[in-house]
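Peer 1:
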Amino acid sequence: MKKVGVGLLAGTITLGGVFAATTFANDDAPKATVTNGEEVKQKQTSNTNEGTLSIEEAIKTAQEEGKGKVTDVELEWERGNLVYNVELQGNGTETDVELNANTGEVLKVKSEKEDEQDEEITLDQKLFSASEAIQLAEKEAGGEFSELQLDHDNGTLIYDIELEGKQEAEIKIDALTGKVLKVELDD
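The sequence shown begins at 11 in this note's numbering and counts up by one.
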């Protein structure tokens, strides 16, 4: 009876492993990593989920919620969800719009008096894909995606990407061409 029980247990574990490997082998889905045997924490890997909004879609949705010029766009993990934070400024008001990056649902809109005018982010040209920029950063420096910010740096529109892993890294990528501009590794 023990041999049958052990065989059934081994078969169940094997099938469970095949299911998990199949489920998480899809490069287009966020990966789940077990951190302490009980806690499961989602981490973004090389590719964002196919359902993830593009930066352009996130900006369009944010502009429907608030008025003004886009001055900041961030993509990061918050409370286990991939979230866009889009900042708009205009008429003395700063509006922050938080969106679920997978569903496009507006999670929060916060307006306050503008403290200083930031440089406008204009999308006159097609952006290099944020997903591809994340893949490039991970390939360049290793680690897992933590945060992406669309910003200006010396007149160039860039993706400022932060990675976590054995060492933290910050990678700056030209948001129009996809060229890696700078890699900083922290110990």
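Glycine included, every Cβ here is placed at the ideal spot set by N, Cα and C.
This one's a predicted model, so the numbers in the text were calculated from it and none came from an experiment.
Pairs of beta-carbons, one from the stretch 112-120 and one from the stretch 75-92, closer than 8 Å: are there three or more?
Peer 2: Counting Cβ pairs under 8 Å, three or more are found: they touch.
Peer 1: Pull up the distance between the alpha-carbon of THR132 and that of GLN177, whole angstroms please.
Peer 2: If you take the alpha carbons of THR132 and GLN177, they lie about 33 Å apart.
Peer 1: Just reading off the alpha helix (DSSP H) that SER141 is part of, what are its end residues?
Peer 2: First-last of the alpha helix (DSSP H) with SER141: 140-151.
Peer 1: Span of the beta strand (DSSP E) holding GLN10?
Peer 2: No answer is possible for residue 10: the residues shown for the chain start at 11 and end at 197.
Peer 1: So what does THR103 bridge to, in DSSP terms?
Peer 2: Partner(s): GLY100, LYS123.
Peer 1: Please report how far the alpha carbon of GLY153 lies from the alpha carbon of LYS192, in whole angstroms.
Peer 2: Between GLY153 and LYS192, the C-alpha separation is close to 16 Å.
Peer 1: Looking at the structure shown, is GLN159 part of a helix, part of a strand, or coil, going by DSSP?
Peer 2: DSSP places GLN159 in strand when its eight states are reduced to three.
Peer 1: Would GLU104 be called buried (16 or more neighbouring beta carbons within 10 Å of its own) or exposed?
Peer 2: Buried.
Peer 1: Are the beta-carbon atoms of GLU108 and LEU98 separated by less than 8 Å?
Peer 2: No; because the gap between Cβ atoms is not below 8 Å, this pair is not in contact.
Peer 1: Pick from GLN135, ALA179, ALA143: whose alpha carbon is nearest that of LEU85?
Peer 2: Residue ALA143 is the option with its Cα nearest to LEU85.
Peer 1: Should ASN164 go down as buried or exposed, given a rule of 16 or more other Cβ atoms within 10 Å for buried?
Peer 2: ASN164 comes out exposed.
Peer 1: Pick from ALA140, SER121, TRP87, LEU186: whose alpha carbon is nearest that of ASP199?
Peer 2: Coverage of the chain is limited to positions 11 through 197, which leaves residue 199 absent and any answer about it impossible.
Peer 1: According to DSSP, is ALA179 helix, strand or coil?
Peer 2: In this structure, ALA179 counts as strand in the three-state DSSP scheme.
Peer 1: In angstroms, rounded to a whole number, what distance separates the CA positions of GLU279 and GLY100?
Peer 2: Lying before the first or after the last residue shown, residue 279 is absent from the chain, which here runs from 11 to 197.
Peer 1: If you draw a straight line from the alpha carbon of LYS189 to that of LYS79, how long is it in whole angstroms?
Peer 2: When rounded, the distance between both Cα atoms is 26 Å.
Peer 1: So, at 7 Å on beta carbons, what are the nonlocal neighbours of GLU130 in its own chain, with the 5 sequence-adjacent residues on each side left out?
Peer 2: Correct list, in chain order: LYS79, VAL80, THR81.
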